[in-house]
Each structure stands twice: as structure tokens, then as C-alpha cells.
Ligand SMILES: Cc1ncc(COP(=O)(O)O)c(C=O)c1O
């Protein structure tokens, strides 16, 4: 499929097309496409004057959000629970999965805290061990991880970020998922730095629970995200948190006082509260845009920009690319150790290249609507 990047930018990201900023910070906060902005304004106005809201503005909004999230990962809407962020999905896993004294929750150093603290604290409360494998030269020891999965019977859960927020290292989650499945180990993935720049087919890749905020690479508002829960777990797992919307009976607004605590039989059992319709409406719209443009095309475009970063690093030995060169082990997070990181960051800022410094590295995180010219400009500023 052909993709006219300039026409797309003119429509969805006019500020980018006008050159107001070179936005390379999708690993931090995703800009909202015009269509989501428009919807937030129109829906927000109705929210301010709620007598304008109709029934179509409520449950169908969430249903569309679940359907689009499901389509993006090739799951069914029944597997999707809307979540206000990644942490909430990780908590659902850390608190609902069965593990106890003597069991091990396995992860790696270098994880973002949202995928560390929930496990650390849940493991402590249950008398389980939360084990972090050390990094080797900035990268997780994937072979060591596989060895542990294959040989240590105490491991009950493996919890990983698909893509590292700072090094950009991408795990082979298909291989790890298959190894976990073969040994009855629960596999939990924080997908926030992977999904969007990468495609994911959960019908082929075994994951038990996947947590994904959509505020970064999925170009949606803060306060939006989703969790995927594998079919077989839906009936087995009970949420720790209880509100009212997770109860099937709450769908009947005429029978609130029946007090039937039975959960929804799908992933909605993990949606505990009244969620933000404005945000989830915009999320549904942004995810719809991904489906329209095509996840495979998006992946190919991000990869082509990342390929340029690899070529650049090869030509500039004074700049260390911390992100793996192997395309199978990277996504959209590109991390560099330059000779003088603060100075490089200043040069980028002066040229309006939005980026982040993380763990002593300059992090560039381009998306599919960025151009080769923008990428080359940023790389040149790193080297100067
Ligand atoms: C790997 C990873 N997980 C989670 C988060 C954020 O978590 P939440 O969506 O709960 O704010 C980030 C944000 O930087 C991240 O990089």
C-alpha cells in the first residue's frame, strides 16, 4: 500500500508538516492526531453539557475501544479490558495470578518501575521471590532468561517489557512465550514501548496478560490503555479490586439494587470503575487510525528510520548506539551515548528536535509519520 507521508501529516499532524517541531519523543508522550483532537473537542463539549449526550455516547464508545485494541493485537474484544494506564494492567496480573510462598516471579534489571514495583510488593506480600536477572553490557541476558525458564521449576511468572524504555532492547516474546507455555509459567508483557512501532499477533504469540498504556506510541490521551487477558484465564482470575462496573449485573441500570456480585464473564471483569469516555473515545479513534494506515506499514516505516540510525552509528564510531543493531531486537526506541550527552541534547533542543535523555543516553523515538529528512537532521546534530 502506498503512503503519502506529507499528505498524512498535513491532515493529522499539521504542526509537524509546518516544521514547528521534529517530534522524536513517542517513547514519552504520543501527540494526538487531528481526528482524535477533533473528537475530544466535540465530545468534551457534550461532556460539559451532559444533556447533549445520548446512549450512543456511552457503552458503544468503550465497545469500539475494545474492538480496535483487539484488532490491533489479533485478539477478540472479550479479551480486552480498558485500563487507564500500563501500571493498572501490570497490577491486575501481579495481584490476580496464582503464585505463593517459594515461587519466583522472574524479570530483568533495567525494567521501567511500573513493571517492577507491583511485582516486588505483590511477591513480598505472598512470600514469593521477585528475581531480576542482571544486564550484560546494557542488554538483558535473554539466553540466561530462557535457561532459567527451562530449568528452574520455582519460576511461576515471567514479567517483561517487550521493548526497553531506555536501551530499546526488544525481547523475542514469541520464543519466550512458547517456552513459558511449555512449562505452565505465566507470561506477562508490558507492551507500551513495543506496540505501535511493532505489530503483534496474539493468536500466534503466547502471552497470558499484556498491559499497554496507549498514551505513547499509540498516539492516544493520557489516562487510556488496555489489558489483554488470555481466554483460559478469563474465568479463572478474579480481580483484587472491586468497584461496580466489573459486575455483569451493573449493565442493567434498572436493577442496581439486586446486588449480584457475579463478574462479567469476559475481560470487562477487570474494568472496575467508570472510565473516562472522552479519553477512550479518542483512544478508539487513534487505534482506528492505526488499523486504517496498516500496522505492517507502520512497522516498516519505523524500522526504516531505525535502520538509518544504525547506518549512522556504523559511520560514527565515537557515538555508541546502545540499542541493538539487529532489527529483531529493536523497535522505535533508539538510544545513543554521545561524547557529550548534555551538549548533544542542547543542540537537538535548539533545532526543535523533541527527545529525552534517559540513563545517560540521548533517546530518539521516531514514529511512522516522521520523515527520513527529520531523522537525518537529528542524527547529524548528534554527531556535530
Ligand atoms: C516500559 C514502560 N512501562 C510503563 C510505563 C508507564 O506506565 P503507565 O502507563 O502506568 O504510566 C512506561 C513509561 O515510560 C514505560 O516505558
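Numbering (this note's numbering), first residue to last: 7 to 390. Cβ atoms here follow ideal geometry from the backbone N, Cα and C, with glycine treated the same way.
Below 7 Å between beta carbons: does that hold for residue i and residue j?
{"i": "residue 331", "j": "residue 308", "result": "no"}
{"i": "residue 350", "j": "residue 208", "result": "no"}
{"i": "residue 174", "j": "residue 341", "result": "yes"}
{"i": "residue 2", "j": "residue 106", "result": "Outside the shown range of the chain (7 to 390) lies residue 2, about which nothing can therefore be said."}
{"i": "residue 359", "j": "residue 384", "result": "yes"}
{"i": "residue 339", "j": "residue 367", "result": "no"}
{"i": "residue 114", "j": "residue 138", "result": "yes"}
{"i": "residue 134", "j": "residue 109", "result": "yes"}
{"i": "residue 120", "j": "residue 93", "result": "yes"}
{"i": "residue 90", "j": "residue 294", "result": "no"}
{"i": "residue 31", "j": "residue 371", "result": "yes"}
{"i": "residue 400", "j": "residue 153", "result": "Since the first and last residues shown for the chain are 7 and 390, residue 400 lies out of range."}
{"i": "residue 299", "j": "residue 46", "result": "no"}
{"i": "residue 117", "j": "residue 204", "result": "no"}
{"i": "residue 326", "j": "residue 314", "result": "no"}
{"i": "residue 169", "j": "residue 112", "result": "no"}
{"i": "residue 286", "j": "residue 67", "result": "yes"}
Since residue i contacts residue j with CB under 8 Å, what's their CB separation in whole angstroms?
{"i": "residue 42", "j": "residue 288", "result": "4 Å"}
{"i": "residue 337", "j": "residue 199", "result": "7 Å"}
{"i": "residue 171", "j": "residue 312", "result": "No, residue 171 and residue 312 are not in contact; Cβ-Cβ is about 16 Å, not under 8 Å."}
{"i": "residue 225", "j": "residue 71", "result": "Going by Cβ atoms, the distance from residue 225 to residue 71 rounds to 14 Å, so no, they are not a contact pair."}
{"i": "residue 240", "j": "residue 273", "result": "6 Å"}
In terms of alpha-carbon separation, which member of the options lies closest to residue i?
{"i": "residue 249", "options": "73, 262, 237 and 279", "result": "279"}
{"i": "residue 78", "options": "314, 301, 29 and 222", "result": "301"}
{"i": "residue 276", "options": "299, 101 and 168", "result": "101"}
{"i": "residue 151", "options": "128, 179 and 124", "result": "179"}
{"i": "residue 380", "options": "364, 354 and 362", "result": "354"}
{"i": "residue 348", "options": "387, 110, 238 and 334", "result": "387"}
{"i": "residue 144", "options": "370, 365 and 21", "result": "365"}
{"i": "residue 125", "options": "148, 68 and 162", "result": "162"}
{"i": "residue 187", "options": "205, 177, 155 and 112", "result": "155"}
{"i": "residue 141", "options": "73, 382, 238 and 177", "result": "177"}
{"i": "residue 39", "options": "270, 245, 23 and 206", "result": "23"}
{"i": "residue 194", "options": "343, 240, 246 and 103", "result": "103"}
{"i": "residue 18", "options": "390, 59 and 296", "result": "296"}
{"i": "residue 64", "options": "26, 389, 281 and 190", "result": "281"}
{"i": "residue 271", "options": "352, 62, 247 and 243", "result": "243"}
{"i": "residue 95", "options": "216, 146 and 58", "result": "216"}
{"i": "residue 356", "options": "310, 261, 61 and 26", "result": "26"}
{"i": "residue 210", "options": "333, 290, 390 and 181", "result": "181"}
{"i": "residue 333", "options": "369, 345, 310 and 56", "result": "310"}
{"i": "residue 123", "options": "166, 160, 146 and 324", "result": "166"}
{"i": "residue 28", "options": "389, 362 and 390", "result": "362"}
Can you tell me whether residue i sits near ligand 2, meaning its C-beta is under 6 Å from at least one heavy atom of the ligand?
{"i": "residue 219", "result": "No copy of ligand 2 occurs in the structure displayed; its ligands are ligand 1 alone."}
(message) With a threshold of 8 Å, are at least 3 pairs of Cβ atoms found where one atom belongs to the segment 228–237 and the other to the segment 86–96?
(response) yes
(message) As an exercise, report each continuous alpha helix (DSSP H) stretch of at least 4 residues that is fully enclosed by the segment 18–58, in chain order.
(response) 20–23 and 40–54
(request) Taking only runs that begin and end inside the segment 223–252, name each unbroken beta strand (DSSP E) of 3 or more residues, in chain order. (result) 231–235
(message) For the segment 11–27 against the segment 357–377, do three or more pairs of beta-carbon atoms, one drawn from each stretch, fall closer than 8 Å, so that the two count as touching?
(response) yes
(message) Which runs of the beta strand (DSSP E) at least 3 residues long sit entirely within the segment 161–207? Give them in chain order.
(response) 161–167 and 192–196
(request) Mind listing, in chain order, the continuous beta strand (DSSP E) runs of no fewer than 3 residues lying wholly within the segment 360–388? (result) 362–364 and 367–370
(request) Could you tell me whether the segment 216–232 touches the segment 188–198, where touching means 3 or more Cβ pairs closer than 8 Å? (result) yes
(message) What ranges does the alpha helix (DSSP H) occupy inside the segment 83–148, keeping only unbroken runs of at least 4 residues that lie completely in it?
(response) 92–102 and 123–132
(message) Ignoring anything shorter than 4 residues, give me the alpha helix (DSSP H) runs that lie fully in the segment 286–328, in order along the chain.
(response) 301–321
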